[in-house]
Structures are given as structure tokens and as C-alpha cells.
Amino acid sequence: MQSNPLFIQRLNVGPYEVNTYIVACPETLEGIIIDPGGEDEKVHRVIEDHHIHPRYLINTHGHRDHVQSNVAISTHYDIPVCMHVDDKTFFQDRAASQAPETRKTYDIDIALHHDDVLTVGTLKVKVIHTPGHTPGSVCLHINNCLFSGDTLFVESAGRADLPGGNFHTLIRSIHQRLVPLPPDTIVYPGHDYGPTPVSTIGREIKENIYITDFISPST
Ligand SMILES: [Zn+2]
Ligand SMILES: [Zn+2]
Numbered sequence: 002m003q004s005n006p007l008f009i010q011r012l013n014v015g016p017y018e019v020n021t022y023i024v025a026c027p028e029t030l031e032g033i034i035i036d037p038g039g040e041d042e043k044v045h046r047v048i049e050d051h052h053i054h055p056r057y058l059i060n061t062h063g064h065r066d067h068v069q070s071n072v073a074i075s076t077h078y079d080i081p082v083c084m085h086v087d088d089k090t091f092f093q094d095r096a097a098s099q100a101p102e103t104r105k106t107y108d109i110d111i112a113l114h115h116d117d118v119l120t121v122g123t124l125k126v127k128v129i130h131t132p133g134h135t136p137g138s139v140c141l142h143i144n145n146c147l148f149s150g151d152t153l154f155v156e157s158a159g160r161a162d163l164p165g166g167n168f169h170t171l172i173r174s175i176h177q178r179l180v181p182l183p184p185d186t187i188v189y190p191g192h193d194y195g196p197t198p199v200s201t202i203g204r205e206i207k208e209n210i211y212i213t214d215f216i217s218p219s220t
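Going by the numbering used here, the first residue of the sequence shown is number 2, and it counts up by one from there.
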């Protein structure tokens, strides 16, 4: 267990009110930018004010609101863009017939896989593949914190009715890959849809109907 707490800043940005997170190693100040969704000046301000050294841009999934500033932010800090291989493929295919700016958004430098670990200062950023909202949705597990994208919200879960989504797969991801995490794991979701901005796995197991009502031993 890490004694020093993570540096975490949540920025609520863009028309879809995405949570962009800036997470950094408290010792080296090396950091990651999760889901840059616009309003880049807010990101720059946090990075400058806290002297953060960005190392990776990581998308929890490929939906437009979560990748809006991929090009601007990755270019500004000269850092690689990381996305799960299944969303990289899925969204590159969908963007193939679209405008060049849209295609550039999905120029992914590092294709992530389940159980990949990115080292950022003293931090280990562990990739948990949680398909269902999209084919390549991931949650990022760092110390006792889980950045859950649009897979798990506070007292809710992501939509499974959009292209590439699958409700059964979403429930299975939550059941098999999130519910087993330590109950005190802090959940930082991709949108602030619940009664509080963050939660814990233990609280969600008790209160989230996607877990209490949909997960049975056979899921
Ligand atoms: Zn989404
Ligand atoms: Zn979203």
C-alpha cells in the first residue's frame, strides 16, 4: 500500500461534461492525462500550477467526448496516446470515411491490452479491459484508485445500446473484473451522474443496481 496519496485532479469539461483526470506520482510528479474532453486551458493550468510532467495520454474508450483533445494535448506535451486495441480498431474503422481531423483523433500510439502496466514515476497504471460500453473500454487501476470511464458510474453504469455496446458483456466485465477489487478501492467515473462524484467498490456492490439486480452467480 502506497503511503503517499496520488495527485488527482478532476476537471469537468465539454458539452457532455466528461471527467478529465490528471493523475501524478507524488514523488516524481510524472503524470497521465485521462480522457481529455476539451477546455484544454483547464488541463494546462493544472499541469503548470502543480509542475506535473505528463508522460501518457490514456483514453478509457473511444467515444468522441473522451478523445476530443487527443491531438491538441498529445502534441502540446509530446506524449503518446494510449487506447485499448479493440477501441482503436473499432473507432478507426468508423472514422475512416470521416474528416481528416476526426481520423487524426484516432491516431493511437500505444494499443493497450488487458493487464498491461504503464510505469509513471513510482506509479503502476494497470489496464483492466472492461468491454460492454464499447468493445475496448478499460478501467485504470492505480494504487487503491480506479478510473472507471463509462463502464461504472456512481450508482449506475454506462450505456450498452450504442454501436459496439453489449449489455451482457458490460455486466460480465463489472462482475468479473471490478467487483473482485478491494472494497475500499475508490471509483473515479467518467461522468458525474451519481449523488457524489466518487464512490468505492464496496459501496457500489451494496448500492449500484447494475450489481445488486443484474449480477447473479451465473453471470
Ligand atoms: Zn462513452
Ligand atoms: Zn462518456
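Don't be surprised by glycine CBs; every beta carbon is placed ideally from N, CA and C.
Heavy atom of ligand 2 within 8 Å of residue i beta-carbon
{"i": "VAL19", "result": "yes"}
{"i": "HIS192", "result": "yes"}
{"i": "ASP66", "result": "yes"}
{"i": "GLY165", "result": "no"}
{"i": "GLY39", "result": "no"}
{"i": "GLY159", "result": "yes"}
Cβ-heavy atom distance, residue i to ligand 1, below 8 Å
{"i": "ARG130", "result": "A quick correction: the sequence has His, not Arg, at residue 130. Not so, every heavy atom of ligand 1 lies at least 8 Å from the Cβ."}
Assigned exposure category for residue i - 16 Cβ within 10 Å defines buried
{"i": "ALA100", "result": "exposed"}
{"i": "HIS67", "result": "buried"}
{"i": "HIS69", "result": "Looking at the sequence itself, residue 69 is Gln, so the reference to His does not match. Buried."}
{"i": "ALA158", "result": "buried"}
{"i": "VAL121", "result": "buried"}
{"i": "LEU12", "result": "buried"}
{"i": "LYS125", "result": "exposed"}
{"i": "THR220", "result": "Residue confidence for THR220 is low, a pLDDT of 48 falling below 50, so the modelled location carries little weight; the figure read from the coordinates is stated next. Under this definition THR220 is an exposed residue."}
{"i": "LYS207", "result": "exposed"}
{"i": "THR21", "result": "buried"}
{"i": "MET2", "result": "Confidence at MET2 is low in this model, with a pLDDT of 47, below 50, so the placement of that residue is unreliable and no value is reported for it."}
Beta-carbon separation (whole angstroms), residue i vs residue j, contact threshold 8 Å
{"i": "GLN10", "j": "VAL47", "result": "5 Å"}
{"i": "ILE33", "j": "THR61", "result": "About 11 Å separates the two Cβ atoms, so there is no contact after all."}
{"i": "LYS43", "j": "VAL14", "result": "6 Å"}
{"i": "GLY191", "j": "VAL19", "result": "6 Å"}
{"i": "THR123", "j": "THR29", "result": "7 Å"}
TODO: Report all residues for which the CB-ligand distance to some heavy atom of ligand 1 is below 5 Å; order them along the chain.
DONE: HIS64 and ASP151
Open item on the list: Under 8 Å, with one C-beta from each stretch per pair, do the segment 71-81 and the segment 141-153 reach the 3-pair mark?
Closed with: no
Open item on the list: When you compare the segment 130-149 with the segment 49-57, are there three or more beta-carbon pairs, one atom per stretch, that lie closer than 8 Å?
Closed with: no
Open item on the list: Taking 8 Å as the cut-off, does the segment 134-144 touch the segment 156-176 (at least 3 CB pairs, one atom from each stretch)?
Closed with: yes
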